[in-house]
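Adding 4 to a residue's 1-based position in the sequence shown gives its number in my numbering. The structure appears right after this line, and notes come after that.
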Amino acid sequence: MDKEFLHKEEMLSRDELENLQLKRLKQTIAQAKQSLFYWDKLKDIEPEDIKDIEDIKKLPFTTKDDLRNNYPVGLLTEPVAKMVRLHVSSGTTGTPTAVLYTQKDLDIWADLVARCMYMVGIRPWDIFQNISGYGLFTGGLGIHYGAERLGCLTIPAGAGNSKRQIKLLKDFRVSAIHIIPSYALHLSTVFEELGEDPKSLHLKIALIGAEPHSEETRRRIEEIYGIRAYNSYGLSEMNGPGVAFECKEQNGMHIWEDAYVVEIIDPNTLQPVEDGQIGELVLTTLTREGMPLIRYRTKDLTSILPGGCKCGRVHKRIDRITGRSDDMIILKGVNIYPMQVEKVLMSIPEVGQNYLIILEKQGYIDQMRVKVEVKDEFFVEDMRELKKLQQKIARKLREEILITPKVELVEHKSIPRGEGKAIRVVDNR
Ligand code: ADP
Ligand code: ZN
Numbered sequence: 005m006d007k008e009f010l011h012k013e014e015m016l017s018r019d020e021l022e023n024l025q026l027k028r029l030k031q032t033i034a035q036a037k038q039s040l041f042y043w044d045k046l047k048d049i050e051p052e053d054i055k056d057i058e059d060i061k062k063l064p065f066t067t068k069d070d071l072r073n074n075y076p077v078g079l080l081t082e083p084v085a086k087m088v089r090l091h092v093s094s095g096t097t098g099t100p101t102a103v104l105y106t107q108k109d110l111d112i113w114a115d116l117v118a119r120c121m122y123m124v125g126i127r128p129w130d131i132f133q134n135i136s137g138y139g140l141f142t143g144g145l146g147i148h149y150g151a152e153r154l155g156c157l158t159i160p161a162g163a164g165n166s167k168r169q170i171k172l173l174k175d176f177r178v179s180a181i182h183i184i185p186s187y188a189l190h191l192s193t194v195f196e197e198l199g200e201d202p203k204s205l206h207l208k209i210a211l212i213g214a215e216p217h218s219e220e221t222r223r224r225i226e227e228i229y230g231i232r233a234y235n236s237y238g239l240s241e242m243n244g245p246g247v248a249f250e251c252k253e254q255n256g257m258h259i260w261e262d263a264y265v266v267e268i269i270d271p272n273t274l275q276p277v278e279d280g281q282i283g284e285l286v287l288t289t290l291t292r293e294g295m296p297l298i299r300y301r302t303k304d305l306t307s308i309l310p311g312g313c314k315c316g317r318v319h320k321r322i323d324r325i326t327g328r329s330d331d332m333i334i335l336k337g338v339n340i341y342p343m344q345v346e347k348v349l350m351s352i353p354e355v356g357q358n359y360l361i362i363l364e365k366q367g368y369i370d371q372m373r374v375k376v377e378v379k380d381e382f383f384v385e386d387m388r389e390l391k392k393l394q395q396k397i398a399r400k401l402r403e404e405i406l407i408t409p410k411v412e413l414v415e416h417k418s419i420p421r422g423e424g425k426a427i428r429v430v431d432n433r
């Protein structure tokens, strides 16, 4: 194997890795205290108080609100003049938060992303198309610099303009892509429209992430394009992509623990939960210079997968993200995650590539309506057939979410789709 990208950190034993974490955590605390925010927040803690990595529990949490309240530069540990890049989170759940990077931060980030790409089999001779919004969103430049760092010919295709995406994929015999899963499904409908088969491309690998998606969606993407698709997790507060990534086993995402400390907590009690239990992901940066974050509450829900990975890496694995804690829908007293709906829909062959959950009032009663695109070949004239399909979808959804939603079947491509992360829920209540 190409040694350059098999970082020594990837081959460490658990003890060696934890020693490295301890050393870096102490450095991070010292570094963080250079910022106004942590100077105050960590006033009772010195790096020497941390004797082993478990002592991280002595440190306070950092929240999204802390970032918002200290916007734009209150968490910087170095003068603004030393920063060379700024990103802003997509603002999916409110006011955006800004993240600034020094040159060293960018170099380390590119390395982390290159490592992820190498892990799933991408090599310098691959042609890589980054189908992702460039700009403030970290999925563009973040993946871009990682791909260049690995040595791939990197096509900064950006988001949208599906026909041009397809032309680039064909003209340059692209072998690997980065794409948001909902857009990968949408793009397949454009292939269909053009009468072309996505399987005829040279494509082998897709990195899919930036939004929650189910195993069923991954399988769909793999089948449609005849490729392997790997889940990629990151958030701008932790650099962006490259935080956790699936290996070839496709069984959970390894967190690069030489760069991040991972914890899962109960969001109510703030106490750690056992491996295997779902809770809120909390991350601490270990190699960030300009804007280190300590025990950052991501609001993303997942669990640590117990046991080792067949690939041999000792870096812990997290399960795919169920959603954000604020994504939870409470309907008639039942808690539902949009991901549960997606899982069911994507396992039904007649269902097309897009759907939308609408929450509304019917009289005084809250009600869920699920708009479901149906594939052309199943969108038949025969009302009885459609009725049967509608009932089948409603029944399968009920088995999963315990309430019966209204199912509205719509034609292929009739639910509008933006260029970024898909909007899955509209709350009209
Ligand atoms: P925003 O939080 O405004 O969307 P980011 O662009 O930083 O801003 O997005 C990070 C968030 O995107 C994560 O906290 C998580 O909720 C979601 N996300 C990123 N990658 C994945 C993934 N592979 N699976 C599920 N959710 C993901
Ligand atoms: Zn693995």
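The C-beta atom is built at its ideal place from N, Cα and C for all residues, glycine as well.
- Query: Of the choices Val247, Asp111, Met15 and Ala151, whose alpha-carbon is the least far from that of Ala210?
  - Reply: Ala151
- Task: Using 10 angstroms around the beta-carbon of Pro245, count the other beta-carbons present and answer buried if the total reaches 16, otherwise exposed.
- Result: Classification of Pro245: buried, given that the 10 Å Cβ count is 16 or more.
- Task: With Tyr237 as the anchor, note down where its beta strand (DSSP E) starts and where it stops.
- Result: Element bounds for Tyr237: Arg232 to Leu239.
- Using 8 angstroms as the threshold, is the region 330-349 in touch with the region 273-285, meaning 3 or more CB pairs across them? no
- Task: Can you tell me which of the three DSSP states Ile2 falls into?
- Result: Missing from the structure shown is residue 2; the chain here goes from 5 to 433 and no further.
- Message: Could you tell me the alpha carbon to alpha carbon distance between Ile397 and Leu349, rounded to whole angstroms?
- Response: 7 angstroms
- Helix, strand or coil at Ile308 according to DSSP, with G and I counted as helix: strand
- Any heavy atom of the ligand ZN within a distance shorter than 8 angstroms of the CB on His258? The answer is yes for His258.
- Item | Range of the contiguous alpha helix (DSSP H) that encloses Ala248 | Here Ala248 belongs to no alpha helix (DSSP H); instead the beta strand (DSSP E) covers Gly244 to Glu250.
- Relative to the ligand ADP, is the shortest distance from any of its heavy atoms to the C-beta of Ser93 smaller than 8 angstroms? Yes, the ligand ADP has a heavy atom inside 8 angstroms of this Cβ.
- Would you mind sorting Met15 into buried or exposed? The rule is 16 or more other CB atoms within 10 Å of its CB. exposed
- Sequence-distant residues of the same chain with beta carbon closer than 7 angstroms to Asp6, five excluded per side: Confidence at Asp6 is low in this model, with a pLDDT of 49, below 50, so the placement of that residue is unreliable and no value is reported for it.
- Message: Does the distance between the C-beta of Lys320 and the nearest non-hydrogen atom of the ligand ZN fall short of 8 angstroms?
- Response: no
- Among Pro342, Glu267, Lys365 and Gly422, which one has its Cα closest to the Cα of Arg428? Pro342
- Task: Check each candidate in Lys167, His182 and Asp370 and name the one with the smallest Cα separation from Ile225.
- Result: His182
- Message: Once the 5 residues before and after Asn74 are set aside, which same chain residues still bring their CB inside 8 angstroms of it?
- Response: Correct list, in chain order: Leu40 and Phe41.
- Query: Is it true that the CB of Leu309 sits closer than 9 angstroms to the CB of Gly256?
  - Reply: yes
- Query: Count the other CB atoms within 10 Å of the CB of Tyr234; is the residue buried (16 or more) or exposed (fewer)?
  - Reply: buried
- Query: Grouping DSSP H, G and I as helix and E and B as strand, with all else coil, what is His11?
  - Reply: Collapsing the DSSP output to three states places His11 in coil.
- Query: Helix, strand or coil for His319 per DSSP?
  - Reply: coil
- Query: Out of Met295, Thr193 and Glu250, which has the shortest C-alpha to C-alpha gap to Ile228?
  - Reply: Thr193
- Message: Does the distance between the C-beta of Gly139 and the nearest non-hydrogen atom of the ligand ADP fall short of 8 angstroms?
- Response: no
- the ligand ZN heavy atom lying under 8 angstroms from the CB of Cys434: Since the first residue shown for the chain is 5 and the last is 433, residue 434 is missing from the structure and cannot be characterised.
- Query: If you measure from the CB of Asn255, is any heavy atom of the ligand ZN nearer than 8 angstroms?
  - Reply: Set against 8 angstroms, the gap from the CB of Asn255 to the closest heavy atom of the ligand ZN is smaller.
- Could you tell me the distance, in whole angstroms, from the CA atom of Pro307 to the CA atom of Val374? One point to set straight first is that residue 307 is Ser, not Pro, in the sequence displayed. Taking the straight line from one Cα to the other gives about 28 angstroms.
- Identify, in the order they occur along the chain, each residue of the same chain with its Cβ nearer than 8 angstroms to the Cβ of Thr66, setting aside the five sequence neighbours on each side. Lys45, Leu297, Ile298, Arg299, Tyr300 and Arg301
- Message: Among the candidates Asp323, Ser179 and Thr326, whose CA atom is the shortest distance from the CA of Val124?
- Response: Ser179
- Query: Where does the unbroken beta strand (DSSP E) through Gly150 begin, and where does it stop?
  - Reply: Per DSSP, Gly150 belongs to no beta strand (DSSP E); it is in the alpha helix (DSSP H), Thr142 to Leu154.
- Item | C-beta atoms of Gly294 and Met121 nearer than 9 angstroms | no
- Item | Under 9 angstroms between C-beta atoms of Ile114 and Arg153 | The sequence as given places Ala at residue 114; Ile does not occur at that position. Yes, they are a contact pair.
- Query: Count the other CB atoms within 10 Å of the CB of Gly4; is the residue buried (16 or more) or exposed (fewer)?
  - Reply: Lying before the first or after the last residue shown, residue 4 is absent from the chain, which here runs from 5 to 433.
- Task: Compare the beta carbon distance of Leu360 and Val411 with 9 angstroms and say whether it is the shorter of the two.
- Result: no
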